[in-house]
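Student: Numbering (my numbering), first residue to last: 67 to 205. Ideal placement from N, C-alpha and C gives every residue a C-beta, glycine not left out.
Rendered as structure tokens:
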């Protein structure tokens, strides 16, 4: 039960994050997650649990709206930034979106992630590039 709630929360955050990225006009994004089940379900390597199929259908539809999405599975024990932001999220009482900035409490984790000291070999990733057709118009 608890693991299902966590999985639902991660899937909803994944979906809502894509919606926010699209609303911001982003065309190329990187998505990191520590749930291998979620990342593999998006890539089609694994069938998601039936309770989550509609959320995954939404996410797959949203994927088609981007030029490129790079999906990365990051081991939970090396996912420092997400862990830091999650801790901050638990401490706020209302809905928060940190746009173009990070909470101060997450800066060290971000720098550690950015420098990628020692964690690079623990990361698995794949990329989806949307194929586009060029249309020549003669007006």
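For the alpha helix (DSSP H) containing residue 154, name the first residue and the last one.
Tutor: 146 to 157
Student: Going by C-alpha distance, which of 180, 138, 179 is nearest residue 97?
Tutor: Out of 180, 138, 179, 138 has the C-alpha closest to the C-alpha of residue 97.
Student: Run the CB neighbour count on residue 118, radius 10 Å, all protein chains shown included, and call it buried at 16 or more, exposed below.
Tutor: buried
Student: Taking the beta strand (DSSP E) that residue 94 belongs to, which residues open and close that run?
Tutor: 94 to 99
Student: Which residues mark the beginning and the end of the alpha helix (DSSP H) in which residue 102 is found?
Tutor: 102 to 109
Student: Measure from the alpha carbon of residue 148 to the alpha carbon of each residue in 161, 109, 101, then state which is nearest.
Tutor: Cα-wise, what sits closest to residue 148 is 101.
Student: Do the CB positions of residue 85 and residue 128 come within less than 8 Å of each other?
Tutor: Closer than 8 Å, so yes.
Student: Using the three-state DSSP reduction, which class does residue 162 fall into: helix, strand or coil?
Tutor: Residue 162: coil per DSSP, three-state reduction.
Student: Is there contact between the segment 173 to 181 and the segment 143 to 157, where contact requires at least three CB pairs shorter than 8 Å?
Tutor: yes
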